[in-house]
Amino acid sequence: MTIDTPTAPVPEPSRRIVAIDIVRGIALLAMASYHFTWDLEFFGYTDPGLTAFGWWKIYARCIASTFLFLVGVSLYLAHGRQIRWNGFWKRFAMVAGAAIAISVVTRIATPDGFIFFGILHEIALASLLGLAVLRLPALLTLAVAALVIAAPVYLRFEALDHPWLWWIGLSAINPRSNDYVPLFPWFGAVLVGIGTAKLASAAGLRARLASLMPGRWANPLVFIGRHSLAFYLIHQPLLIGCVWLFSQVMPAQVESLQVNFLKTCQRSCEQTRNATFCTSYCSCMLTTLEGEAALDRLENNDQTAEFRAHLGDLAASCTAQTEEKMDEGGTQ
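For the sequence shown, position 14 matches number 8 in my numbering, and the numbering has no gaps at all.
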């Protein structure tokens, strides 16, 4: 997750909108809290899958949506009247360069879940594509945003399953990555930001926001918000380094692959079914996978079409068996 957003000032009003920096600063602190929880999970101090489901997943998506919304707002404020190419390309190069660096580092450090298209990649691409819609009417921009956001729900193509096409976000599989923010649906959040900034400018809200001058309490948030890229690049190595140091003194209890599978399966299943059903269902899945000696393939994120199809069949079979067992026992 995370972030730098173009915030060059507009010709009129000339004053920088401090409120945007404050909101961005708050979002950055929220992002840091999520990443710290992810680090704890990574080192085994929380249950596996904690940050991937439920409220933590919603929390992460709200943070990412906020950053991308601000990208759209800032893009319009900076270039809505006239694109300032020198400033744009300078900031684009910074964000794109940081995104590439993140990919290289995570490829080495966490090859199984390396960040091939995270939020920095999305910000860079969305900033470039966003220039094309700066002149569109606000309502049309928001309509396009709705289509972009809805696209992954209705459009999935196996032809886009190749790893080089995962950045689009319309493949039939969900790639494994520690930060995956594809073009669809996330470009929609940027478009919402652009459309909202257009409406706010037309209503005179931009000048009113620019006139707001909060007290000294906001200075730390403003500072963080104005140095968002640096904050993003520094905070996670610092946090994960602290957790690693702690793990050298008080290491987390190591649990078996089977226990981790059951915990992750249970947490995922309970998003749609009750706990009793999920306990039986996950036990069925584990027993079958162990009998086939396929648990390691699942842990290693086997994305072959054959294995994915087999997992789908296995899930359907265990679902049917569990429902039959619950019907016989009179459990709803």
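Just so it is clear, CB atoms sit at the ideal spot from N, CA and C, and this is done for glycine as well. It should be emphasised that the depicted structure is a prediction, and the values quoted were computed from it without experimental measurement.
Worksheet item: Mind pulling the alpha helix (DSSP H) runs of 4 or more residues that sit fully within the stretch 205 to 257?
Response: 213 to 220 and 222 to 243
Worksheet item: What are the partner residues of residue 274, as DSSP defines its beta bridges?
Response: DSSP, once it has assigned bridges, lists no residue as partnering residue 274.
Item to complete: Would you kindly check if the distance between the Cβ of residue 112 and the Cβ of residue 53 is under 9 Å?
Response: no
Discussion item. Tell me the rounded alpha-carbon separation between residue 26 and residue 320.
Written reply: 43 Å
Worksheet item: Which first and last residues belong to the alpha helix (DSSP H) in which residue 15 is found?
Response: 12 to 36
Item to complete: Can you grab the Cα-Cα spacing for the pair residue 328 / residue 272, in whole Å?
Response: There is no way to answer for residue 328, as the model of the chain reaches only from -5 to 326.
Discussion item. Considering only the alpha carbon of each residue, which of 101, 186 and 229 lies closest to residue 63?
Written reply: 186
Worksheet item: Which of the three DSSP states, helix, strand or coil, is assigned to residue 97?
Response: helix
Discussion item. How far does the alpha helix (DSSP H) with residue 48 in it extend, from its first residue to its last?
Written reply: 48 to 73
Item to complete: Just tell me which of 276, 84 and 116 has its CA closest to the CA of residue 93.
Response: 116
Worksheet item: In terms of residue numbering, what span does the alpha helix (DSSP H) encompassing residue 111 cover?
Response: No alpha helix (DSSP H) contains residue 111, which DSSP labels as neither H nor E.
Fill in: CA-to-CA distance, residue 276 to residue 260, given in whole angstroms
6 Å
Discussion item. Measuring only from the beta carbon, is residue 62 closer than 8 Å to any heavy atom that is part of the ligand ADP?
Written reply: Absence of the ligand ADP from the depicted structure is noted, as is the absence of any ligand whatsoever, leaving it without description.
Fill in: Backbone CA spacing between residue 268 and residue 180 [nearest angstrom]
31 Å
Worksheet item: For the alpha helix (DSSP H) that contains residue 291, what are its first and last residues?
Response: 289 to 293
Practice prompt. Determine the DSSP secondary structure at residue 262, reduced to helix, strand or coil.
Written response: helix
Worksheet entry | residue 178, enclosing alpha helix (DSSP H) - first and last residue | 177 to 196
Discussion item. Using a Cβ distance threshold of 8 Å, determine whether the stretch 140 to 150 contacts the stretch 199 to 214, with at least three qualifying pairs required.
Written reply: no
Item to complete: Take the Cβ of residue 108 as the centre, count every other Cβ of all protein chains shown within 10 Å, and call the residue buried at 16 or more, exposed below.
Response: buried
Item to complete: Would you kindly work out how many angstroms separate the C-alpha atoms of residue 81 and residue 158, rounded to a whole number?
Response: 30 Å
Fill in: residue 142 - containing alpha helix (DSSP H), residue span
132 to 148
Worksheet item: Roughly how many angstroms separate the alpha carbons of residue 310 and residue 255, rounded to a whole number?
Response: 18 Å
Discussion item. Check whether the stretch 128 to 137 and the stretch 70 to 90 are in contact - that is, three or more C-beta pairs closer than 8 Å.
Written reply: yes
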